[in-house]
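Numbering (the numbering used here), first residue to last: 357 to 642.
Each residue gets a CB set at the ideal place from its N, CA and C atoms; glycine is no exception.
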Ligand SMILES: [Fe+2]
Ligand SMILES: [Fe+2]
């Protein structure tokens, strides 16, 4: 097994980029495919609230961390704040097409409310679980360029940029947890993080599935066509959810660390892919 720590030479670099401003995106921006579009739209709707939660949850443990980890937490926060800004812009394209996302917002509120009244360490564990999801989804997205085939270029660039930064900071919530629970036994750590992951995973899959179905309903696609289409897209072709299953399950193995899989090569590849679509900062409004 590879080293179970964040690589010593990793640099987390917030890239302040903007995508998709000043344009009107087509309704089915992803390959003119309503199912694929709904899959990504449903995910994007969750990010602003979700990433705000991640930032608060990790920041709560920043004090007292070693200087290197504290610096990584700060870079993580900067990256997530910019992701939120870009997903707010992306989601505006979604609502501009007439989609009502209020039910999807409710799903997110309900999921985040599960941690109300729970100790801060539970919010950190939920963040760590969701950061694992974003890291392995990002890996799958960048490892197989076919996922974004036919996507509107600015949208594809935004997803690649976000995915690259998710890979880059994938160890931050985990390392924060390792530091925060340094006095816990291995068994207690494992039980806690595993229980939180199981709850989080169920909410994550059910929430995104229902969100996709709801957006498809607004396209007039319902019943078996919506359900089989969504399941086929997620599990068969291109099969993003099927592809992440092994990496998801590795979370429960002893010695798990996000950087057991060093996939930094995907970051460099994504950067060269999205570079051409980046909008010059002066040319766009916030
Ligand atoms: Fe993010
Ligand atoms: Fe993240």
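Any non-hydrogen atom of ligand 2 closer than 7 Å to residue i Cβ
{"i": "residue 409", "result": "no"}
{"i": "residue 367", "result": "no"}
{"i": "residue 719", "result": "This structure gives no information on residue 719, because the portion of the chain shown stretches from 357 to 642."}
{"i": "residue 463", "result": "no"}
{"i": "residue 613", "result": "no"}
{"i": "residue 487", "result": "yes"}
{"i": "residue 449", "result": "no"}
{"i": "residue 525", "result": "yes"}
Residue i CB to nearest heavy atom of ligand 1 below 7 Å
{"i": "residue 522", "result": "yes"}
{"i": "residue 490", "result": "yes"}
{"i": "residue 439", "result": "yes"}
{"i": "residue 518", "result": "yes"}
{"i": "residue 508", "result": "no"}
{"i": "residue 436", "result": "yes"}
Enclosing alpha helix (DSSP H) for residue i [first to last residue]
{"i": "residue 399", "result": "390 to 415"}
{"i": "residue 521", "result": "509 to 524"}
{"i": "residue 423", "result": "423 to 452"}
{"i": "residue 386", "result": "Residue 386 -> no alpha helix (DSSP H), and no H or E assigned at all."}
{"i": "residue 531", "result": "528 to 536"}
{"i": "residue 458", "result": "458 to 469"}
{"i": "residue 484", "result": "476 to 499"}
Anticipated Cβ contact below 8 Å, residue i with residue j, distance rounded
{"i": "residue 523", "j": "residue 619", "result": "6 Å"}
{"i": "residue 513", "j": "residue 375", "result": "5 Å"}
{"i": "residue 527", "j": "residue 391", "result": "Going by Cβ atoms, the distance from residue 527 to residue 391 rounds to 33 Å, so no, they are not a contact pair."}
{"i": "residue 397", "j": "residue 450", "result": "5 Å"}
{"i": "residue 532", "j": "residue 429", "result": "6 Å"}
{"i": "residue 626", "j": "residue 516", "result": "4 Å"}
{"i": "residue 439", "j": "residue 521", "result": "7 Å"}
{"i": "residue 552", "j": "residue 491", "result": "With 8 Å as the limit, residue 552 and residue 491 do not qualify as a contact, their Cβ atoms being about 16 Å apart."}
{"i": "residue 370", "j": "residue 431", "result": "6 Å"}
{"i": "residue 541", "j": "residue 608", "result": "Actually they do not touch by this definition, with Cβ atoms about 17 Å apart."}
{"i": "residue 467", "j": "residue 563", "result": "6 Å"}
{"i": "residue 511", "j": "residue 385", "result": "5 Å"}
{"i": "residue 481", "j": "residue 498", "result": "About 26 Å; that fails the 8 Å criterion."}
Interface flag, residue i vs chain B, CB-CB below 8 Å
{"i": "residue 414", "result": "You won't find chain B in this structure, because it holds only one protein chain."}
Exercise. How do the stretch 534 to 545 and the stretch 412 to 428 stand: do at least 3 beta-carbon pairs fall below 8 Å, yes or no?
Worked result: Judged by Cβ distances under 8 Å, the stretch 534 to 545 makes contact with the stretch 412 to 428, as three or more pairs qualify.
For this session: Jot down the residue ranges of each uninterrupted beta strand (DSSP E) in the stretch 564 to 623, minimum 3 residues, whole runs only, in chain order.
Result: Look at the stretch 564 to 623 and you find no whole run of beta strand (DSSP E) that is 3 residues long or longer.
Exercise. Would the stretch 485 to 495 and the stretch 538 to 558 be scored as touching if the rule is three or more Cβ pairs under 8 Å?
Worked result: Yes, they touch.
Exercise. Three or more C-beta pairs closer than 8 Å, one from the stretch 442 to 462 and one from the stretch 397 to 411: is that the case here?
Worked result: They touch, by the three-pair rule.
For this session: Assess, as a yes-or-no matter, whether the stretch 591 to 605 is touched by the stretch 406 to 414 under the definition of 3 or more beta carbon pairs within less than 8 Å.
Result: With fewer than three CB-CB distances shorter than 8 Å, the stretch 406 to 414 does not count as touching the stretch 591 to 605.
Problem set entry | At least three beta-carbon pairs within less than 8 Å, the stretch 455 to 469 to the stretch 569 to 578 | Taking 8 Å as the limit for Cβ pairs, the verdict is that the stretch 569 to 578 does touch the stretch 455 to 469.
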